[in-house]
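UniProt numbering puts the last residue of the sequence shown at 557; the count rises by one with no breaks. Report on the structure given below.
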Amino acid sequence: MAAVETNATIQEKTTAEPVRPLANFPPSVWGDRFLSFTLDNSELEGYAKAMEAPKEELRRLIVDQTMDSNKKLSLIYSVHRLGLTYLFLQEIEAQLDNIFKAFKLQDYDEVDLYTTSINFQVFRHLGYKLPCDVFNKFKHSTSGAFKEDISTDVKGMLGLYESSQLRTRGESILDEASAFTETKLKSVVNNLEGKLAQQVLQSLRRPFHQGMPMVEARLYFSNYSEECATHECLLKLAKLHFSYLELQQKEELRIVSKWWKDMRFQETTPYIRDRVPEIYLWILGLYFEPRYSLARIIATKITLFLVVLDDTYDAYATIEEIRLLTDAINRWDMSAMDQIPEYIRPFYKILLDEYAELEKQLAIEGREKSVIASKEAFQDIARGYLEEAEWTNSGYVASFPEYMKNGLITSAYNVISKSALVGMGDIVSENALAWYESHPKTLQASELISRLQDDVMTYQFERERGQSATGVDAYIKTYGVSEKEAIEELKIMIENAWKDINEGCLKPREVSMDLLAPILNLARMIDVVYRYDDGFTFPGKTMKEYITLLFVGSVSM
Numbered sequence: 001m002a003a004v005e006t007n008a009t010i011q012e013k014t015t016a017e018p019v020r021p022l023a024n025f026p027p028s029v030w031g032d033r034f035l036s037f038t039l040d041n042s043e044l045e046g047y048a049k050a051m052e053a054p055k056e057e058l059r060r061l062i063v064d065q066t067m068d069s070n071k072k073l074s075l076i077y078s079v080h081r082l083g084l085t086y087l088f089l090q091e092i093e094a095q096l097d098n099i100f101k102a103f104k105l106q107d108y109d110e111v112d113l114y115t116t117s118i119n120f121q122v123f124r125h126l127g128y129k130l131p132c133d134v135f136n137k138f139k140h141s142t143s144g145a146f147k148e149d150i151s152t153d154v155k156g157m158l159g160l161y162e163s164s165q166l167r168t169r170g171e172s173i174l175d176e177a178s179a180f181t182e183t184k185l186k187s188v189v190n191n192l193e194g195k196l197a198q199q200v201l202q203s204l205r206r207p208f209h210q211g212m213p214m215v216e217a218r219l220y221f222s223n224y225s226e227e228c229a230t231h232e233c234l235l236k237l238a239k240l241h242f243s244y245l246e247l248q249q250k251e252e253l254r255i256v257s258k259w260w261k262d263m264r265f266q267e268t269t270p271y272i273r274d275r276v277p278e279i280y281l282w283i284l285g286l287y288f289e290p291r292y293s294l295a296r297i298i299a300t301k302i303t304l305f306l307v308v309l310d311d312t313y314d315a316y317a318t319i320e321e322i323r324l325l326t327d328a329i330n331r332w333d334m335s336a337m338d339q340i341p342e343y344i345r346p347f348y349k350i351l352l353d354e355y356a357e358l359e360k361q362l363a364i365e366g367r368e369k370s371v372i373a374s375k376e377a378f379q380d381i382a383r384g385y386l387e388e389a390e391w392t393n394s395g396y397v398a399s400f401p402e403y404m405k406n407g408l409i410t411s412a413y414n415v416i417s418k419s420a421l422v423g424m425g426d427i428v429s430e431n432a433l434a435w436y437e438s439h440p441k442t443l444q445a446s447e448l449i450s451r452l453q454d455d456v457m458t459y460q461f462e463r464e465r466g467q468s469a470t471g472v473d474a475y476i477k478t479y480g481v482s483e484k485e486a487i488e489e490l491k492i493m494i495e496n497a498w499k500d501i502n503e504g505c506l507k508p509r510e511v512s513m514d515l516l517a518p519i520l521n522l523a524r525m526i527d528v529v530y531r532y533d534d535g536f537t538f539p540g541k542t543m544k545e546y547i548t549l550l551f552v553g554s555v556s557m
């Protein structure tokens with residue numbers, strides 16, 4: 001969750017009342033729009049039934065032993081880009097196992113750049129470390145530079161650019177490929193037409209690997225209609241699948257919107273950001289599969305609690321009130337109600353009640369430990385917010401290591417990622433929770449992206465508000481560099497963190513991809529929200545586009 005980034009207006013008070021750092025957040029652009037949706041269960045069931053025939057036909061194609069391996073990989077690529085992999089995971093992995101085991105580098109001697117790139121992406125996206133040596137032949141053996149003649153192959157360059165996003169540390173050829181193809185694609189994009197122009201524009205704006213899976217699937221369906229239409233069953237299944245998900249997700253959004261309205265947070269804490277659709281979109285970015293419906297609802301509610309807490313600490317409460325509220329959250333007991341300001345008591349009661357109910361429900365299934373982990377993460381972030389507030393109150397600028405230690409907590413990553421586990425079911429075993437608690441490298445990398453991507457985009461607004469120093473300020477202070485140099489260094493750290501995530505998603509994995517996916521996808525959502533602007537505090541651009549695409553329009557059948 002971003003800290004507040006907007007021009008503050010300090011509200012003048014009488015001597016009897018405290019001066020509060022009000023932020024005057026923009027109101028919700030959606031109002032009560034999503035409350036009026038009514039789910040027709042028969043329509044939902046109709047889509048589920050209609051999916052069965054094309055699903056079985058596509059399954060037969062995936063396992064077809066007579067299909068050429070390049071065509072098979074191209075099919076699997078389209079299935080993956082359309083968000084359908086989870087429907088055929090066993091079949092796809094069986095096919096990839098066989099093709100990967102038979103891999104020989106010389107088999108790629110005569111394969112063009114586009115096909116090589118598609119094959120590389122399929123294997124890497126699904127956890128197989130196909131060597132990046134497959135791209136060596138596209139470089140000059142003497143100079144080591146990429147051959148200029150590939151510049152005329154726009155589809156091939158686009159494929160290589162997307163492939164380079166999947167690189168791990170030490171894969172210098174893909175580092176070079178990223179810079180080379182980005183420069184070349186930017187130089188030709190204005191001369192392209194039709195679907196290819198759209199494909200290049202979309203990839204340059206945000207590569208598939210760093211995008212929100214649901215939105216990327218819809219954009220692939222629109223921009224790659226020729227590839228989607230190669231097999232009628234693929235086209236039909238994609239449309240039905242989108243329609244099914246749209247109904248389910250609109251109902252989930254209605255549920256959390258009604259809950260938010262019923263809790264009356266906009267009345268009791270009117271200074272907060274009203275961002276229910278945006279938070280739901282954020283959580284939907286972590287997992288869109290139908291089986292995680294309850295998980296999305298739970299995680300959205302907890303993240304909305306986080307918005308109230310964040311904005312209370314950052315845009316309303318005095319330092320004395322922050323200290324009292326932090327102590328109450330640490331105590332986690334209704335008896336602490338008396339010590340906190342009256343305006344925040346309704347929130348505190350709802351917070352404790354909701355967590356108690358969750359713990360009670362999951363205890364029946366023996367899975368209450370995930371709720372406890374989420375609650376402890378919530379307490380951690382309150383302590384982290386307090387430390388930031390104390391720094392601001394005293395005018396202290398932390399050293400970069402000191403800032404990062406606390407900043408990884410206040411990025412909200414830990415709360416959101418652990419809350420995402422609460423409703424995921426049996427896959428969140430004690431071993432899975434222990435893996436999370438061990439703070440593995442993949443998790444650290446995603447946390448770092450969450451903190452620094454936010455800081456790089458929002459540090460100027462933070463300064464204007466006189467709020468706590470960001471990672472940019474801390475880096476400048478600690479290492480004596482310019483603002484420009486600090487930002488470049490932080491961007492390199494973000495780039496390396498992506499490489500670590502990519503490595504962590506390759507086989508053999510420490511845990512299942514079901515548990516890794518929310519970690520990867522949370523890093524993706526940070527990119528979506530903060531690459532070009534603060535899309536959460538000012539949700540008029542990217543997030544508004546995405547919400548409109550998924551919940552306002554409808555899939556053309």
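Think of the CB as a built atom: it goes at the ideal place given N, C-alpha and C, for glycine as much as any other residue.
Assumed close pair residue i, residue j - CB separation to whole angstroms, cut-off 8 Å
i           : j           : result
residue 274 : residue 28  : 4 Å
residue 491 : residue 456 : 7 Å
residue 377 : residue 330 : Incorrect: roughly 13 Å between the Cβ atoms, too far for contact.
residue 348 : residue 337 : 6 Å
residue 246 : residue 550 : 7 Å
residue 295 : residue 395 : Between residue 395 and residue 295 the Cβ distance is about 42 Å, and since that is not below 8 Å, they are no contact.
residue 287 : residue 432 : Their Cβ separation, rounded to whole angstroms, is 15 Å, which puts residue 287 and residue 432 out of contact at 8 Å.
residue 308 : residue 265 : 6 Å
8 Å CB neighbourhood of residue i in its chain, flanking five on each side removed
i           : result
residue 75  : 61, 62, 67, 230, 231, 234
residue 440 : 504, 510
residue 386 : 313, 322, 323, 326
residue 184 : 151, 157
residue 162 : 117, 121, 203, 207, 208, 209
residue 130 : 100, 103, 119, 120, 123, 124
residue 397 : 391, 469, 473, 474, 477
residue 306 : 1, 378, 381, 412, 415, 416
Proximal residues to residue i (C-beta, below 7 Å), its chain only, five neighbours per side dropped
i           : result
residue 361 : none
residue 409 : 380, 381, 384
residue 531 : 206
residue 507 : 127, 128
residue 85  : 79, 92
Under 8 Å between C-beta atoms of residue i and residue j
i           : j           : result
residue 334 : residue 352 : yes
residue 182 : residue 132 : no
residue 297 : residue 255 : yes
residue 280 : residue 251 : no
residue 21  : residue 315 : yes
residue 146 : residue 128 : no
residue 160 : residue 179 : no
residue 541 : residue 533 : yes
residue 319 : residue 303 : no
residue 81  : residue 271 : no
residue 536 : residue 26  : no
residue 519 : residue 448 : no
residue 166 : residue 502 : yes
Residue environment, residue i, which counts as buried when at least 16 other CB atoms sit within 10 Å
i           : result
residue 470 : buried
residue 71  : exposed
residue 64  : exposed
residue 269 : buried
residue 173 : buried
residue 89  : exposed
residue 500 : buried
residue 237 : buried
residue 200 : buried
residue 12  : Reliability of the predicted coordinates at residue 12 is poor, the pLDDT of 40 falling under 50, and no value is obtained from them.
residue 109 : exposed
residue 38  : exposed
residue 434 : exposed
residue 168 : buried
6 Å Cβ shell around residue i - same chain, five flanking residues per side excluded
i           : result
residue 267 : none
residue 153 : 113
Beta carbon proximity, residue i to chain D, threshold 8 Å
i           : result
residue 132 : Of the chains in the structure shown, none is chain D; there is only one protein chain.
Q) Would the segment 235 to 245 and the segment 46 to 56 be scored as touching if the rule is three or more Cβ pairs under 8 Å? A) yes
Q | the segment 510 to 526 contacting the segment 205 to 224, beta-carbon criterion three pairs below 8 Å | A | yes
Q) Within the chosen definition, does the segment 402 to 421 reach the segment 480 to 497 through at least 3 CB pairs nearer than 8 Å? A) no
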